[in-house]
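Asks: Residue numbers 268 to 577, in the numbering used here, belong to the letters of the sequence shown in order. All C-beta atoms in this analysis are idealised placements derived from N, C-alpha and C, irrespective of residue type, glycine included. Note that the coordinates shown come from a computational prediction; the quantities given were computed from them, not determined experimentally. Questions regarding the structure given below will be posed in turn.
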Amino acid sequence: MVLMTEVNLLTPVNVREICAALNIQPTKTLGQNFVHDGGTVRKIIAAGRVTAGEHVLEIGPGLGSLTLGLLEAGCRVTAVEIDPVLATALPSTVAGQGSADLPLRVLLKDGLQVRSDAELNEAPLINGEIVEWEAPTRLVANLPYNVAVPLVLNFLEHFPSIQEILVMVQTEVAQRLSATPGGRIYGVPSVKAAWYGHAEMAGTISRQIFWPVPNVDSSLVRITRYAAGEGPELGEPAVSKEAVFKLVDAAFAQRRKTLRAALKNWAGNATLAEELLAKAGIDSVRRGETLDINEFVALGRAATELGIVS
């Protein structure tokens, strides 16, 4: 990665000084663990495969550790922060570590409620200017552990412009997002991520680069959106995401049961569950954890044709 902009990344001293100045006590409720190691920040930015000038979305910038790394790499950054204290302080931190002219916009909002480019364009640059950027093409973030999966799925759904996501999450979450059929950790996050793209583990992160030190291990996971012609075979007419996701939720609600048993109540009765599985060409004694995304799509199509879902 070629460094494009003169920026001073946050050090452990910086992190503690900023927290003290803002009277911040990191909270588990918001999943606040702040990165204070410049080498790790650059490792994450490199794994994010960003390019200079690219519009990158960051969710939960916190004190600005990754934000500064993205700006150092020459990116234009829109940061979405739910904490008003952190959102208000971030422009000053970035200006102090770099320049008030750096291309950073800060949006004070819950990332789960952000649904459009128009919302992002409401956020001012740190010098106060309002600019309209094209839709973001990449998301790079250190996500709060307790809402990581919903955040990832929200931005995959509502921002089709985002071609790749690179997030640091709890290792267990990264493994679940990138799991393949047949394993015990394969489940709802794995299948729903596979609706949008290819998920893969992209590295591990030491606990020691956070303040405070978390009680869990962290890893990077990358989701690359399918190119044209890739992805699940939706058929004609195309089966809806909503229908498929309802099937996924039902199949894993009782993951140790056969699909015939797991889908019985959801389908309405055992006979309908059997008919659904037969129509989709899936053996009723299989379990949900053995099905790939295309098989769930087949179930979604069958459920739609049978009138079980609309």
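Measuring straight from C-alpha to C-alpha, what distance separates residue 280 and residue 289?
Replies: The sequence position of residue 280 within the sequence shown is 13, counting from 1. The sequence position of residue 289 within the sequence shown is 22, counting from 1. Distance between the alpha carbons of residue 280 and residue 289 is about 14 Å.
Asks: Please report the straight-line C-alpha distance between residue 517 and residue 530, rounded to a whole angstrom.
Replies: As a position in the sequence shown, residue 517 is number 250, starting the count at 1. As a position in the sequence shown, residue 530 is number 263, starting the count at 1. Near 6 Å, if we compare the C-alpha coordinates of residue 530 and residue 517.
Asks: Closest to residue 315 by CA distance: which of 481, 414, 527 and 469 is it?
Replies: Residue 315 sits at position 48 when you count from the first residue of the sequence shown. It is 469 whose Cα lies nearest to the Cα of residue 315.
Asks: In this structure, does DSSP put residue 269 in helix, strand or coil?
Replies: Here residue 269 refers to the residue found at position 2 of the sequence shown. Low per-residue confidence applies at residue 269: pLDDT is 47, beneath 50, and the placement is therefore not dependable, though the value from the model is reported in the following sentence. Coil, per DSSP.
Asks: Tell me whether residue 303 sits in a helix, a strand or coil according to DSSP, three-state version.
Replies: To locate residue 303, count along the sequence shown from 1; it is residue 36. Three-state DSSP puts residue 303 in coil, outside helix and strand.
Asks: Over the uninterrupted alpha helix (DSSP H) stretch that includes residue 543, give me the two end residues.
Replies: Walking along the sequence shown from the start, residue 543 turns up at place 276. Unbroken alpha helix (DSSP H) run through residue 543: 537-547.
Asks: Taking the C-alpha atoms as reference points, what is the distance between residue 416 and residue 444?
Replies: As a position in the sequence shown, residue 416 is number 149, starting the count at 1. As a position in the sequence shown, residue 444 is number 177, starting the count at 1. When rounded, the distance between both Cα atoms is 8 Å.
Asks: Which residue wins for smallest C-alpha separation from residue 449, given the options 423, 553 and 528?
Replies: Sequence index remark: in the sequence shown, residue 449 carries index 182 (1-based). It is 553.
Asks: Check for me: the alpha helix (DSSP H) holding residue 571 runs from which residue to which?
Replies: In the sequence shown, residue 571 corresponds to position 304, counting from 1. Residue 571 -> alpha helix (DSSP H) spans 560-572.
Asks: Could you check the C-alpha separation between residue 540 and residue 330 for me, to the nearest Å?
Replies: Here residue 540 refers to the residue found at position 273 when the sequence shown is read from its first residue. Here residue 330 refers to the residue found at position 63 when the sequence shown is read from its first residue. Linking residue 540 to residue 330 through their CA atoms gives a straight-line distance of about 51 Å.
Asks: From the DSSP secondary-structure annotation, give me the bridge partner or partners of residue 478.
Replies: Against the sequence shown, residue 478 aligns to sequence position 211. BP columns for residue 478 point to 301.
Asks: Looking only at its own chain, which residues have a Cβ that is under 7 Å from the Cβ of residue 533, when we skip the five neighbours before and after it?
Replies: In the sequence shown, the residue the question calls residue 533 occupies position 266. Excluding residues within five positions, the ones whose Cβ falls inside 7 Å are 517.
Asks: Can you tell me which of 421, 548 and 357 puts its alpha carbon nearest to the alpha carbon of residue 391?
Replies: By 1-based counting over the sequence shown, the position of residue 391 is 124. Out of 421, 548 and 357, 357 has the C-alpha closest to the C-alpha of residue 391.
Asks: At which residues does the alpha helix (DSSP H) containing residue 421 begin and terminate?
Replies: Against the sequence shown, residue 421 aligns to sequence position 154. Start and end: 415-425.
Asks: DSSP three-state call for residue 380: helix, strand or coil?
Replies: As a working mapping, residue 380 is identified with position 113 in the sequence shown. In this structure, residue 380 counts as helix in the three-state DSSP scheme.
Asks: In whole angstroms, what is the alpha-carbon distance linking residue 618 and residue 433?
Replies: Only positions 268 to 577 of the chain appear in the structure, and residue 618 is not among them; the question remains open.
Asks: Can you tell which of 437, 438 and 422 has its C-alpha closest to the C-alpha of residue 431?
Replies: Looking up residue 431 in the sequence shown gives position 164. If we check each option's Cα against that of residue 431, 422 comes out closest.
Asks: Compare the C-beta of residue 335 with all C-beta atoms of chain B and state if any pair is closer than 7 Å.
Replies: Among the chains of the structure shown, chain B does not appear; only one protein chain is present.
Asks: Just verifying my parser: in three-state terms, what is the DSSP assignment at residue 288?
Replies: Along the sequence shown, read from residue 1 onward, the residue named residue 288 stands at position 21. Reduced to three states, the DSSP call for residue 288 is helix.
Asks: For residue 408, which beta-bridge partners are listed by DSSP?
Replies: Numbered from 1 along the sequence shown, position 141 holds the residue referred to as residue 408. Paired residue(s): 434.
Asks: How many Å lie between residue 563 and residue 525 at the Cα?
Replies: In the sequence shown, the residue the question calls residue 563 occupies position 296. In the sequence shown, the residue the question calls residue 525 occupies position 258. Straight-line Cα distance between these residues: approximately 15 Å.
Asks: Can you pull the DSSP bridge partners for residue 374?
Replies: The residue you call residue 374 lines up with position 107 of the sequence shown. Answer is 347, bridged to residue 374.
Asks: By alpha-carbon positions, which one of 523, 510 and 387 ends up nearest to residue 573?
Replies: Against the sequence shown, residue 573 aligns to sequence position 306. With distances taken between Cα atoms, residue 573 lies closest to 510.
Asks: What residues are listed by DSSP as bridge partners for residue 471?
Replies: Here residue 471 corresponds to residue number 204 of the sequence shown, with the count starting at 1. According to DSSP, residue 471 bridges with 486.
Asks: Compute the distance between the beta-carbons of residue 441 and residue 507, then report whether it is under 7 Å.
Replies: The residue labelled residue 441 in the question sits at position 174 within the sequence shown. The residue labelled residue 507 in the question sits at position 240 within the sequence shown. Cβ distance not < 7 Å, so residue 441 and residue 507 don't count as in contact.
Asks: Below 7 Å CB to CB, which residues in the same chain sit around residue 291 once its five sequence neighbours on both sides are set aside?
Replies: Start at 1 with the first residue of the sequence shown, and residue 291 comes out as number 24. Excluding residues within five positions, the ones whose Cβ falls inside 7 Å are 352.
Asks: According to the Cβ coordinates, are residue 373 and residue 455 closer than 7 Å?
Replies: Residue mapping note: residue 373 aligns to position 106 of the sequence shown, counting from 1. Residue mapping note: residue 455 aligns to position 188 of the sequence shown, counting from 1. Not a contact, by the Cβ cut-off of 7 Å.
Asks: Leaving out the 5 sequence neighbours to the left and right, which residues in its chain are closer than 6 Å to residue 537 when beta-carbon positions are compared?
Replies: Reading the sequence shown from its first residue, position 270 is the one you call residue 537. Result list for residue 537: 531, in chain order.
Asks: Residue 348 and residue 370 - do their beta-carbons sit closer together than 7 Å?
Replies: Counting from one through the sequence shown, the residue named residue 370 turns up at place 103. Counting from one through the sequence shown, the residue named residue 348 turns up at place 81. No, the Cβ-Cβ distance between residue 370 and residue 348 is not below 7 Å.
Asks: So, residue 406 versus residue 345, is the Cβ gap smaller than 7 Å?
Replies: To locate residue 406, count along the sequence shown from 1; it is residue 139. To locate residue 345, count along the sequence shown from 1; it is residue 78. No, these two residues do not count as a Cβ contact at 7 Å.
Asks: Which residue's Cα is closest to the Cα of residue 323: 272, 309, 402 and 302?
Replies: The sequence position of residue 323 within the sequence shown is 56, counting from 1. Ranking 272, 309, 402 and 302 by Cα distance to residue 323 puts 402 first.
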